[in-house]
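Asks:
In the numbering used here, the protein residues as written are 519 to 875.
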C-alpha cells in the first residue's frame, strides 16, 4: 500500500510539473512579445500554406530585407513613390461571368509601420488611365487585357506609388469569407433595404429580407450590398462612389471582427477562409502584417478614394470612352501622397515634381 501511495504521489507530482510547464509556455506565448512573435511566425507559415500563392511575383523577405527594400512588384519601368515605413498591397475583387474576369473592385491597403496605421484607398474602376501598350481606357479594363502584371504597371504609371504585393478574391469566395466570420454589421437606409429586397443583387431570394437600420449581413447579402450603385448609400453617396464606399465599409467590418480575435482564435478562423484568397505575399510579409496589426492594436481602417472631390470630370464621352472619370492627375496624386505618407501639400508637390522629372 505504501509503495502504491508513493507511486501515486510521484505521478501526481510529475503531472503537476508538466502542467506547470505548459502553463509557463502558454503565458510566454501569449503574454510576452518574444512569445507572441513565435505565434505570428507559426501563423504566417500556416496562412501561407493555405492561401493560393502565385509565383509570378514574390514580395521580398522581411528577414533579409528592411521594409524599404520590399520588392516593388511592378515592371520597374515607371518612377513611383517609395517610403521605408509604408507597404502597399493591392486588393482585387474579381467578377467572373461567362469566362471573363473583370476587376469589379480595386483597393490599396497601405500599412504604415511607423505610425501604426492601415489605410484603404479605393481606385474607381471608371478612372480614365494610360494603359501600357494599349489605348487609354478605364482602369478596370487593364486586368482582362494583361492580368495582374498589367494592372500593377497601370496603377504605378498613373498613380505614382509602388505596389508591394496583391491579394485577390472572386465574388463567391468573398461571400464565403463573410459567412465564415458570422456576417458583418452594416447600417442600411430605407432606400437601400427596399432596393436589395426587390432586385437580384442579393441572388438568393430567401435572403431578401434586410431592413432599414443596422443589419448583420450574411455573405450573399453583403456581396449584393457591395455591388449596388443605382441608389445612394448612407450619407447620400450615389453611383460608383457609393458602391466603393460600401465596399470599404464592409472591409472595415471584416477587419474589426478579425482584429478582435486573440492570435490563437485568429489562426483557427483563418483555417477555411484563407483557401479563398490568391496572393503573391511571402510568408515573412504576412508575419509582418500580423505582428504590426495585433501588437499595435490596429482595430480600425481609415478610408479614402480617388478621384477626390473637385479634381475630376465625368463626361458622357471622352475620346471614344463612355462615362469615364477624367482626373486632374496632379491634384489627385498630391492628395494621395498626403493621405498615405502624411505629406504636407508642399512636400507632396515636391515629391511629385521629382517623379515627373
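Note that the Cβ used here is the ideal one computed from N, Cα and C, for glycine as well.
Could you give the C-beta distance for residue 650 and residue 672, rounded to a whole number, given that I count them as a contact under 8 Å?
Replies: The pair is a contact, with the Cβ atoms about 7 Å apart (cut-off 8 Å).
Asks: How many whole angstroms separate the CB atoms of residue 645 and residue 873, which I take to be in contact at a CB cut-off of 8 Å?
Replies: Incorrect: roughly 19 Å between the Cβ atoms, too far for contact.
Asks: For residue 693, I'd like the list of residues in its chain whose CB is within less than 6 Å of its CB, leaving aside the five on either flank, ordered along the chain.
Replies: The residues are 737, 738, 741.
Asks: At least one CB of chain C closer than 8 Å to the CB of residue 793: is that the case?
Replies: No chain C appears in this structure, which consists of one protein chain only.
Asks: Provide the residue span of the alpha helix (DSSP H) that contains residue 775, from first to last.
Replies: Unbroken alpha helix (DSSP H) run through residue 775: 757 to 777.
Asks: For residue 759, which residues from the same chain have a beta carbon less than 8 Å from its beta carbon, with the 5 sequence-adjacent residues on both sides left out?
Replies: If we look at residue 759 and ignore the five residues flanking it on each side, its Cβ neighbours are 642, 823.
Asks: Out of 769, 636, 722, 660, state which residue places its alpha-carbon closest to the alpha-carbon of residue 687.
Replies: Ranking 769, 636, 722, 660 by Cα distance to residue 687 puts 769 first.
Asks: For residue 685, name the three-state secondary structure that DSSP assigns.
Replies: Residue 685 falls in the strand class under three-state DSSP.
Asks: By Cβ distance, which residues of its chain are closer than 8 Å to residue 702, with the 5 residues on each side in sequence left out?
Replies: Answer for residue 702: 696, 734, 735, 740, 768, 771, 772, 775, listed in chain order.
Asks: Let me know the secondary structure DSSP gives residue 649 once reduced to three states.
Replies: If DSSP states are grouped into helix, strand and coil, residue 649 belongs with coil.
Asks: Does the Cβ-Cβ distance between residue 856 and residue 871 come in under 8 Å?
Replies: No; because the gap between Cβ atoms is not below 8 Å, this pair is not in contact.
Asks: My output table needs one value for residue 591: the three-state DSSP class, helix, strand or coil.
Replies: If DSSP states are grouped into helix, strand and coil, residue 591 belongs with coil.
Asks: Counting along the chain, where does the alpha helix (DSSP H) carrying residue 745 start and finish?
Replies: Run containing residue 745: 737 to 745, per the alpha helix (DSSP H) assignment.
Asks: How about residue 610 and residue 684: are their beta carbons less than 8 Å apart?
Replies: Yes, these two residues count as a Cβ contact at 8 Å.
Asks: Would you call residue 875 buried or exposed, if buried means 16 or more other Cβ atoms sit within 10 Å of its Cβ?
Replies: Flag for residue 875 reads exposed.
Asks: Nearest-angstrom Cα distance between residue 607 and residue 637?
Replies: Each residue's alpha carbon lies about 10 Å from the other.
Asks: Reducing DSSP to helix, strand and coil, say where residue 831 ends up.
Replies: Reduced to three states, the DSSP call for residue 831 is strand.
Asks: Give the DSSP-derived three-state secondary structure of residue 856 in the structure shown.
Replies: Correct three-state label for residue 856: helix.
Asks: Hey, could you find the ends of the alpha helix (DSSP H) residue 710 is sitting in?
Replies: From DSSP, the alpha helix (DSSP H) with residue 710 extends over 708 to 716.
Asks: Exposed or buried, what is residue 825 when buried is set at 16 or more other beta-carbons lying within 10 Å of its beta-carbon?
Replies: Buried: at least 16 other Cβ atoms inside 10 Å.
Asks: May I ask which residues mark the beginning and end of the alpha helix (DSSP H) holding residue 671?
Replies: 660 to 677 is the span of the alpha helix (DSSP H), which, as asked, contains residue 671.
Asks: Give the DSSP-derived three-state secondary structure of residue 703 in the structure shown.
Replies: Correct three-state label for residue 703: strand.
Asks: Is the beta carbon of residue 707 less than 8 Å from the beta carbon of residue 752?
Replies: The answer is yes: Cβ separation under 8 Å.
Asks: Let me know the secondary structure DSSP gives residue 724 once reduced to three states.
Replies: Residue 724: helix per DSSP, three-state reduction.
Asks: Would the beta-carbon of residue 743 fall within 8 Å of that of residue 709?
Replies: Not closer than 8 Å, so no.
Asks: Report yes if the C-beta distance between residue 720 and residue 592 is below 8 Å; otherwise report no.
Replies: It is not a contact, given that the beta carbons lie outside the stated cut-off.
Asks: Note down, one range per segment and in chain order, each beta strand (DSSP E) of at least 3 residues found wholly within the region 624 to 649.
Replies: With a minimum length of 3 residues, the continuous beta strand (DSSP E) runs that stay inside the region 624 to 649 are 635 to 641.
Asks: Starting from residue 864, follow the alpha helix (DSSP H) in both directions and report where the run begins and ends.
Replies: 863 to 874 is the extent of the alpha helix (DSSP H) around residue 864.
Asks: Can you tell me where the beta strand (DSSP E) with residue 824 in it begins and where it stops?
Replies: Note, residue 824: beta strand (DSSP E), 820 to 824.
Asks: Buried or exposed for residue 647, going by 16 or more other Cβ atoms inside 10 Å?
Replies: Residue 647 is buried by the Cβ-count criterion.
Asks: Would you list the residues sitting across from residue 749 in a DSSP beta bridge?
Replies: Its beta-bridge partners do not exist; DSSP assigns none.
Asks: Taking a contact to mean a Cβ-Cβ separation below 8 Å, would you say residue 603 touches residue 631 in this structure?
Replies: Yes.
Asks: Assuming residue 834 and residue 845 are in contact, meaning their beta carbons sit under 8 Å apart, how far apart are those beta carbons, in whole angstroms?
Replies: Not quite, the Cβ-Cβ distance comes to about 17 Å (not below 8 Å), so this is no contact.
Asks: Please name the residue, chosen from 654, 594, 599, that lies closest to residue 868 on a Cα-to-Cα basis.
Replies: Among 654, 594, 599, the Cα nearest to that of residue 868 belongs to 599.
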